[in-house]
Amino acid sequence: MIRAFYKKNIDSIRESSASSGLAKNLGPMDLIMIGLGSIIGVGAFVTTGQVAAEFAGPAVTLSYAIGGLVCIFVALAYAELAVMIPTSGSVYTYSYVAYGELFAWIMGGVMFLEMGLGAASVAAGWSAYVQGLMVKTGIVLPDIIGKVPSAGGFCDLLAIMMAGFAGFVVYLGTKDSKRLNTILVIIKFIAITAFVIAASPHFESKNWSDFMPFGFHGVLGGASISFFSFCGFGVIATAAEECRNPKRDVTIGIVGALVLSTLVYVVLGGLVTGLVPYTELNNAQPLAYALNVKGSQIGSIIVAIGAICGMTTVLMMQLYGLSRIVYVISRDGILPQAFSQIHQKYGSPHKTIIMLTVLIALIGGFVPFDTIIRLSSMASLMDYACVTSIVLYLRFKMPEMPRHFQCPAVFIIAPIALVACIYLLFIQIIDKNGQLMLTGKILISWFAVMIPLYFLKPKNDI
15 MIRAFYKKNI DSIRESSASS GLAKNLGPMD LIMIGLGSII GVGAFVTTGQ VAAEFAGPAV
75 TLSYAIGGLV CIFVALAYAE LAVMIPTSGS VYTYSYVAYG ELFAWIMGGV MFLEMGLGAA
135 SVAAGWSAYV QGLMVKTGIV LPDIIGKVPS AGGFCDLLAI MMAGFAGFVV YLGTKDSKRL
195 NTILVIIKFI AITAFVIAAS PHFESKNWSD FMPFGFHGVL GGASISFFSF CGFGVIATAA
255 EECRNPKRDV TIGIVGALVL STLVYVVLGG LVTGLVPYTE LNNAQPLAYA LNVKGSQIGS
315 IIVAIGAICG MTTVLMMQLY GLSRIVYVIS RDGILPQAFS QIHQKYGSPH KTIIMLTVLI
375 ALIGGFVPFD TIIRLSSMAS LMDYACVTSI VLYLRFKMPE MPRHFQCPAV FIIAPIALVA
435 CIYLLFIQII DKNGQLMLTG KILISWFAVM IPLYFLKPKN DI
């Protein structure tokens with residue numbers, strides 16, 4: 015019980031980070047690419063349509079602008095902690111320093127929901143786009159291997175295969191995965207540019223006549239879901255131990271990637287709702303669908319290919335970030351030591367990557383997409399709320415600690431971000447009638463397992 019309240023010392027964390035076996039070969043542009051690779055994927059190519067159709071209509075642009083603004087506030091807090099505590103443990107380690115080991119363990123579970131389920135949903139979205147391209151060539155997968163059980167199939171085989179491929183690339187280490195990620199990010203932005211060029215001439219203002227069909231409450235509901243689309247920026251903080259100069263590079267990477275991503279989401283949301291009525295966008299391929307309706311077959315195919323590349327990078331980077339968090343939890347003695355072993359040749363936590371790949375493949379192949387994405391979004395909000403609270407707590411608790419980057423106007427920005435995250439989380443857990451939603455019940459059940467498990471599992475030496 016005493017150990018549950020044990021707190022990590024920042025100096026010891028810095029020593030562990032400096033002596034880790036992880037290769038230090040990342041610069042600021044690498045981190046921006048990791049951020050763009052991890053952020054822009056399902057949010058751009060799938061979730062945009064869902065948010066427009068179910069929550070905000072054409073005001074999806076406002077949903078993403080609000081979500082992006084809150085995330086930028088959170089990112090400034092994230093950057094302060096990432097530079098102050100340069101570790102691959104991200105919010106898990108920040109919680110360890112501020113609130114103790116038990117809370118850190120709980121936040122480790124939150125990070126699994128955020129990144130692990132996020133990666134699984136990306137694998138499912140990737141499968142949907144690939145199957146859409148296959149249909150154009152006359153190939154249709156049978157339901158038994160093309161759909162999850164709740165949709166009438168047995169499993170989504172392509173989602174499982176994609177998770178396996180991403181795991182293989184991440185297993186090879188940051189040097190090789192960095193190269194592939196950069197190439198795929200470039201292809202992704204070519205596809206987004208192609209969509210903007212192809213869509214702009216077909217924009218119809220009449221589709222914006224009912225700009226906010228679900229009211230401002232719908233816009234906020236859309237903003238809460240849109241948080242899933244931004245959750246990848248936290249992956250940048252997990253790369254701190256692999257940076258050549260983390261004090262400078264992490265801040266540039268987090269803020270730069272998030273600002274660019276917000277602009278992309280707002281533009282895409284505005285254009286796609288101007289192409290077709292928002293009611294038609296609740297499908298797995300909203301951007302490609304909208305271009306197809308307007309007769310732009312080539313543009314539709316280019317966007318689909320870009321979506322496939324984009325979601326590949328997100329899946330890789332989410333798996334990369336989560337593997338580093340599990341690595342640090344194991345290094346701290348809370349998980350078995352096998353998960354902190356580094357591959358001699360590739361410099362990656364290979365056993366952790368294998369374990370996570372299997373879990374992500376199973377979730378992506380068998381669990382409904384909507385359930386996964388909502389749980390991941392809720393976990394993201396919990397992550398962000400925790401980070402902003404820790405920044406405020408450490409400003410009072412450790413005012414003398416050197417901070418090479420400080421969140422500007424922290425006592426204004428951090429509380430605003432904290433309250434916004436808590437409110438957006440609340441409206442995802444409780445429906446309009448005051449009833450607990452299914453995803454809220456699942457989240458509570460997750461913690462009901464995580465907390466007793468902490469006290470029951472064996473501990474390694476710290």
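Everything in the sequence shown is counted per the numbering used here, starting at 15 for the first residue and increasing by one. A virtual CB, placed ideally from N, CA and C, is assigned to each residue, including glycine. Predicted, not measured: the structure shown is a model, and the values here were computed from it.
| Item | Value |
| --- | --- |
| Backbone CA spacing between Val60 and Met415 [nearest angstrom] | 43 Å |
| Inter-stretch contact (C-beta, 8 Å, three-pair minimum) for the region 271 to 282 and the region 121 to 137 | no |
| Close beta carbons around Ile99, own chain, < 7 Å, minus the five adjacent residues each side | Ile24, Ile27, Thr107, Tyr108, Val111 |
| Leu155 (DSSP reduced to helix, strand or coil) | coil |
| Rounded separation between Val74 and Arg409 - CA only | 36 Å |
| For Met175 and Ala118, the rounded distance between their alpha carbons | 32 Å |
| Residues of its chain near Leu198, where Cβ-Cβ distance is below 6 Å and the 5 sequence neighbours each way are ignored | Cys323, Thr326, Thr327 |
| Closest Cα partner of Ala375 within the set Gly114, Ala89, Trp140, Gly448 | Trp140 |
| Local Cβ density within 10 Å of Ala399, reported as buried at 16 or more and exposed below that | buried |
| Nearest-angstrom beta carbon gap, Ile206 and Gly320 [assumed within contact, 8 Å] | 6 Å |
| Cβ contact check for the region 383 to 400 and the region 351 to 364: 3 or more pairs under 8 Å | no |
| Unbroken alpha helix (DSSP H) run spanning Asp397, endpoints | 383 to 411 |
| 8 Å Cβ cutoff met for Thr184 and Leu333 | Residue identity check: residue 184 is Val in the sequence provided, not Thr. Yes; because the gap between Cβ atoms is below 8 Å, this pair is in contact. |
| Ala304 - containing alpha helix (DSSP H), residue span | 300 to 307 |
| Residue range of the alpha helix (DSSP H) that includes Arg338 | 311 to 345 |
| Completely contained alpha helix (DSSP H) runs for the region 106 to 185, where each covers 4 or more residues | 115 to 125, 131 to 150, 157 to 160, 171 to 185 |
| Reduced DSSP category for Leu349 - H, G, I as helix; E, B as strand; rest coil | coil |
| Residues that DSSP places opposite Leu40 in a beta bridge | Cys257 |
| Residues bridged to Leu450 (per DSSP) | Ile444 |
| Cβ-based neighbour list, Lys365, same chain, cut-off 8 Å, excluding 5 preceding and 5 following | Ala352, Phe353, Gln355 |
| Gly103 vs Tyr20 beta-carbon contact at 8 Å | no |
| Simplified DSSP assignment, three categories, for Cys435 | helix |
| Proximity below 8 Å, CB of Gly55 to CB of Leu295 | no |
| 8 Å Cβ cutoff met for Ala318 and Gly49 | no |
| Residues near Val105 by beta carbon distance below 6 Å, same chain, minus five either side | Met121, Asp397, Cys400, Val401 |
| Selection from Thr151, Lys150, Val144, Gly152 that minimises the alpha carbon distance to Lys161 | Val144 |
| Cα-Cα separation, Ser238 to Val249 | 19 Å |
| Pick from Met43, Ala58, Lys22, Pro42 that is closest to Val280, judged by C-alpha positions | Ala58 |
| Neighbour-count burial assignment, Glu256, 16 or more Cβ in a 10 Å radius | buried |
| Where the alpha helix (DSSP H) through Cys85 begins and ends | 74 to 98 |
| Span of the alpha helix (DSSP H), counted from its first residue to its last, around Gly235 | 229 to 244 |
| Extent of the continuous alpha helix (DSSP H) run through Phe369 | Checking the sequence, you will find Met at residue 369 rather than Phe. 364 to 380 is the span of the alpha helix (DSSP H), which, as asked, contains Met369. |
| The region 165 to 172 touching the region 82 to 97, judged by at least three CB pairs closer than 8 Å | no |
| Minimum Cβ-Cβ distance from Leu127 to chain B less than 8 Å | Among the chains in the structure shown there is no chain B, since it carries only a single protein chain. |
| Asp263 burial status per 10 Å Cβ neighbour count (16 or more: buried) | buried |
| Whether Ser394 touches Phe242 by CB criterion (8 Å) | yes |
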